[in-house]
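Colleague: Got a structure for you, written out below as structure tokens; questions coming shortly.
Protein chains in written order, with this note's numbering: chain A, 8 to 328; chain B, 28 to 374; chain C, 665 to 1152.
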């Protein structure tokens, strides 16, 4: 009985995390090409609102999802244009867009507040489990991204692009054109997170109380935790989903703790995980390790290095070809 | 190219960016079925029609310019202190805590208020130091450390409002029990803005302007921001300077939070930072990181905020329009600046 | 393939990098391009390979006009370039690096690529492990990988930019052997270098560049004196070795162990006296910079002792090394020395220390002007440092050093500098020695090591030789030791 509840809970996590999966996989694609799209928080809200509006007006789920991807790609295009063509700071542009898109979604979404809209149906599986198309798509996104990165020829070029664009350039790779392409592709995948919320996981559009504000920032942190590997990033996202689920599930058991505290508990946990993957770079750690005897030194260095997340070397650095 | 001509081109580019931002917003308003001209008229008249309304603008300007002053220091050190929101919140929490502690004591109100504001500044600085420690000793990028701490700060203030500090009876989103009027800061213009708060804000931005431009500390901070490795080699420890930048920024953000409690809300409310931290980052970017330019820009932003409050009633538009206009402005100025450097390089 | 360049012009801001260059490179030769740093040789060949675009000029390949606007165009015409700094992908495996940019099946066949890489490398007696990560290879192996990759994509013109910098003597022999073999098969080879010896050993013809202009072309047999005259336009009086009087010990290193992620140096011993200059030789990444950085207090040793002027500073913070009169001049001047975006004046204020609460800008500018004239820096006080040439940046760094230094540590003191600046920099360093400082420097330029050091220490994969007296030491000996001879 308990085991079955557990299973249902985990299946719930799988479904509830689907939007976050799109976000982390999409951003991983973008960052692998050497571009940071920091606008995720606003982008997801805007695509959630936009896709809901399209789905309500056309009564088509498919068009809603396409609209979400389109909005994601459009916002990513602005990031790409500002950072690749105009060479402005990617962080600055991304941050402004994060705020602008958020307010834009609240402003434009006003007429669609609290309207009933279509919801992605789920299929019943044995043992009271169910699954929906969005969850399946999110799992497919993880696998596809991994295969693309590590098994295909264009994926090899993509990895080179973020690592050492000059080396890709001398091999005849059109660096900035591909960076545009991957920024927009990644943006489109992130954009799917919007409809995955507003048409499935948290169906509907409720403006500022949609509960989506903040999720984009979490996604960006998970990409780092995931070490720019889609599978590891997806694991990070599921870990976050489990923590959130535990926050809800444990509430009856801990009446003394206000619900607000349990709801935000995953956020400090995310900081801690980032701390684990980044602390190896800190100067004092190296200093402390250098004091240890040889065996301890080797062990700790190795342990830290296996945890460590190393970004693509040219992440955020513009390339002039 | 002469300096005069160069200035002219710069001004033209800036004006072009402004025009684009207005055009973008107008197109949105058209799409939303509203008349752009009527909306802009509302925005302006809502903020400057009467002295009372302008006092409201000044009331918003105080926390905004303080937050901007703070992030100008962290920007100088090359840091994206997105955690400034949480630092404002913790400032407000510490001030509330100090006032609750001292309000029963037999002290003159001015002393209690001063202690409250000092506590708020310390609270902001502590929260900033935490983000700084995560950055310098934990290797966690300040954007993510700061954001995480923002969430935690929200949780802390919610917990206090609904838990230990809840109003007699049941806690609610309207915040803690208001302080007695003796602990409200002296106010001008029928209770809209405090001259003390204004004075503190003006002093704050003035100090930052001097600090960054005319002190050895400011120059070393700039060096750390531009190249931590070279700075280290020149004998300037980057970690220590970054920590100082965080702490100073936290002092300003904490002061903003303290003034929100002592002169605006007179209690702790759930989202007491009201987005002034994020807005302060935008103001700093739009001012191209120059302290004196931030003063009018922050005033303009505060005016838009006040003017947009009545949009829902007057024109059935969401008040987030102010954020759209502000964001569009910064985005187009960034783009214009990039375009100018890329295609109008003077040589 | 015959390559003909006609009237190539290229400027970078005010600098004429290539001024009306016309050159014909016949197929099947090894064609040398000789000139000192900044003569414009790399620029010209980057234009030929498509990495840079010329402002004007034409290109003919086998007599037919060709347009090359990007490296992709270059590759299409069969032109490949081995860049001076390896343009590869450090965290990838060699075979993946080998495959990037090659067309083929959507799902590449790694096994076949491994076999192909192994076979091609075998043809030239190169030793590249296909499964090794690129950043674990030596500079020479990375170069071999790149050459093999260029051959695999079918280049018919192979350009090599300063390929003998940073590789061992053995690897150099293999490289030259391979180039002769390729040239015999009809490949056009362009060999860019500033080393006369390389030209004499390898090239059939040579073109000499100076200050962006083509000065002349000659063929074998070469007249060394004539080449030097063409390169420099004057005879250089080789600055004579001057020994300052040696004083007490300024640096003492005992049984020092240092390590980073790639390499560890253990049991290092060294003693440096006031007035003495010791050079550290070795391929890049053999441990010299670890020792230098440990002596500067920039990295903490895992064992042993570092004493400066008798004070044990082992594991003390960098600050205390600075206070003890240690200075460190990095090779990466803009990354680890100067601050991009700050002016010369601002650097003077920064270097003045921490006792200035408010800045006296007028006084600071006067200070800057004085240093500019004292050190013959071509800049204004308000010039941002990144706008200065490499030589002037190095002069700024020197001018920022404190008056009373005990120990000056340098990485590649004259890398990338023109000969005039190099001589100037060394004059300044020798002056410092006469005033009682000790100088410890690393360099990959054997001539520089022999010219200026009193003693030379050679590093080979983390081990160091006993100090060799520089007087009477031959370049060949150092070259062999750098390549590992004597380290068995």
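Cβ coordinates follow ideal geometry from the N, Cα and C atoms, glycine included.
Remember, it's a predicted structure, so these values are computed and weren't measured experimentally.
(1) Is there contact between the stretch 68–87 of chain B and the stretch 667–680 of chain C, where contact requires at least three CB pairs shorter than 8 Å?
(2) Please report the distance separating the alpha-carbon of residue 373 (chain B) from that of residue 33 (chain B).
(3) With DSSP as the reference, label residue 674 (chain C) as helix, strand or coil.
(4) Roughly how many whole angstroms lie between the Cα atoms of residue 44 (chain A) and residue 32 (chain A)?
(5) I need the boundaries of the alpha helix (DSSP H) containing residue 177 (chain B), first residue and last residue.
(6) Could you confirm whether any beta carbon from chain A is found closer than 8 Å to the beta carbon of residue 958 (chain C)?
(7) Contact check, residue 1008 (chain C) vs residue 1036 (chain C) under 8 Å by CB: the rounded distance?
(8) Does any C-beta atom of chain C lie closer than 8 Å to the C-beta of residue 368 (chain B)?
(9) Do residue 80 (chain A) and residue 71 (chain A) have their C-beta atoms within less than 8 Å of each other?
(10) Have a look at the DSSP bridge pairing and note the partners of residue 880 (chain C).
(11) Look at the alpha carbon of residue 186 (chain A) and the alpha carbon of residue 40 (chain A), and state the distance between them as a whole number of angstroms.
(12) Residues of the stretch 1082–1094 of chain C in Cβ contact with chain B at a cutoff of 9 Å, in chain order, please.
(13) Just to confirm, are residue 2 (chain A) and residue 208 (chain A) a CB contact at a threshold of 8 Å?
(14) By the three-class DSSP mapping on this structure, what secondary structure does residue 1107 (chain C) have?
(15) Go ahead and label residue 357 (chain B) buried or exposed: buried means 16 or more other beta carbons lie within 10 angstroms of its beta carbon, across all protein chains shown.
(16) So what does DSSP say about residue 1169 (chain C), is it helix, strand or coil?
(17) Between which two residues does the alpha helix (DSSP H) containing residue 921 (chain C) stretch?
(18) Per DSSP, residue 1121 (chain C) is paired with what?
(19) If you run the structure through DSSP and keep just helix, strand and coil, what is residue 1048 (chain C)?
(20) Which residues bound the alpha helix (DSSP H) around residue 52 (chain A)?
(21) To the nearest angstrom, report how far apart residue 665 (chain C) and residue 732 (chain C) are at their CA atoms.
(22) Just verifying my parser: in three-state terms, what is the DSSP assignment at residue 8 (chain A)?
(23) So the beta strand (DSSP E) residue 745 (chain C) belongs to, where does it begin and stop?
(24) Leaving out the 5 sequence neighbours to the left and right, which residues in its chain are closer than 7 Å to residue 131 (chain A) when beta-carbon positions are compared?
(25) For residue 121 (chain A), tell me which candidate among A:171, A:127, A:113 has the shortest Cα-Cα distance.
(26) Mind pulling the chain A residues with CB within less than 8 Å of residue 351 (chain B)?
(27) For residue 126 (chain A), which of helix, strand or coil comes out of DSSP?
(28) Verify the CB distance criterion: does residue 167 (chain B) have a CB-CB separation below 8 Å to chain A?
(29) Which word fits residue 247 (chain A), buried or exposed, when buried means at least 16 other C-beta atoms lie within 10 angstroms of its C-beta?
(30) Residue 254 (chain B) by DSSP, collapsed to three states: which one?
(31) At what residues does the alpha helix (DSSP H) containing residue 313 (chain A) begin and finish?
(32) Identify the contact partners of residue 183 (chain A) in chain B, using a Cβ-Cβ distance below 7 Å as the criterion.
(33) Where does the unbroken beta strand (DSSP E) through residue 721 (chain C) begin, and where does it stop?
(34) If contacts are defined as beta-carbon pairs under 8 Å, then residue 117 (chain A) and residue 345 (chain B) qualify, I think. What distance do you get, rounded to the angstrom?
(35) For the pair the stretch 739–755 of chain C and the stretch 172–180 of chain A, tell me if three or more CB-CB distances fall below 8 Å.
(36) Identify whether residue 270 (chain B) lies in helix, strand or coil by the three-state DSSP scheme.
Modeller: Per the coordinate set shown:
(1) They do not touch, by the three-pair rule.
(2) For residue 373 (chain B), the predicted structure reports a pLDDT of 47, less than 50, and the residue's modelled location is therefore unreliable. The matter cannot be settled from this model.
(3) DSSP places residue 674 (chain C) in strand when its eight states are reduced to three.
(4) C-alpha separation (whole angstroms): 12 Å.
(5) Its alpha helix (DSSP H) spans residues 169–189.
(6) Closer than 8 Å to the CB of residue 958 (chain C) there is not a single CB belonging to chain A.
(7) About 7 Å; that satisfies the 8 Å criterion.
(8) With its beta carbon at least 8 Å from every one in chain C, residue 368 (chain B) lies outside the interface.
(9) The Cβ atoms of residue 80 (chain A) and residue 71 (chain A) do not sit closer than 8 Å to each other.
(10) Residue 880 (chain C) has C:872 as its beta-bridge partners, per DSSP.
(11) So the two alpha carbons sit approximately 6 Å from each other.
(12) From the stretch 1082–1094 of chain C, no residue has a Cβ closer than 9 Å to chain B.
(13) Nothing can be reported for residue 2 (chain A), as the shown portion of chain A is limited to 8 through 328.
(14) Residue 1107 (chain C) falls in the coil class under three-state DSSP.
(15) Classified as buried, residue 357 (chain B) has 16 or more neighbouring CB atoms from the shown chains inside 10 Å of its CB.
(16) In this structure chain C extends from 665 to 1152, so residue 1169 (chain C) is not present and cannot be described.
(17) Segment 913–923 is the beta strand (DSSP E) holding residue 921 (chain C); no alpha helix (DSSP H) there.
(18) Note: residue 1121 (chain C) sits in a beta bridge opposite C:944.
(19) Looking at residue 1048 (chain C) - three-state DSSP - the assignment turns out to be strand.
(20) DSSP places residue 52 (chain A) in the uninterrupted alpha helix (DSSP H) bounded by 47–65.
(21) C-alpha of residue 665 (chain C) to C-alpha of residue 732 (chain C): approximately 15 Å in a straight line.
(22) Note that residue 8 (chain A) scores 43 on pLDDT, short of 50, meaning its location in the model is unreliable; the coordinates nonetheless yield the value given after this. Residue 8 (chain A): coil per DSSP, three-state reduction.
(23) 743–746 is the extent of the beta strand (DSSP E) around residue 745 (chain C).
(24) So the qualifying residues of the chain are 137.
(25) Considering only alpha carbons, the answer is A:113.
(26) The answer, in chain order, is 107, 110, 111, 114.
(27) The answer is coil: DSSP assigns residue 126 (chain A) none of H, G, I, E or B.
(28) Yes, residue 167 (chain B) lies at the interface with chain A (some Cβ there is under 8 Å from its Cβ).
(29) Per the 10 Å Cβ criterion, buried.
(30) In the three-state reduction of the DSSP assignment, residue 254 (chain B) falls in the coil class.
(31) Looking at the DSSP string, the run of the alpha helix (DSSP H) that includes residue 313 (chain A) is 301–314.
(32) Going along chain B, no residue has its Cβ under 7 Å from residue 183 (chain A), so there is no contact; the nearest lies around 13 Å.
(33) 720–725 is the span of the beta strand (DSSP E), which, as asked, contains residue 721 (chain C).
(34) Indeed they touch by this definition, with Cβ atoms about 4 Å apart.
(35) The stretch 739–755 of chain C is in contact with the stretch 172–180 of chain A.
(36) Helix.
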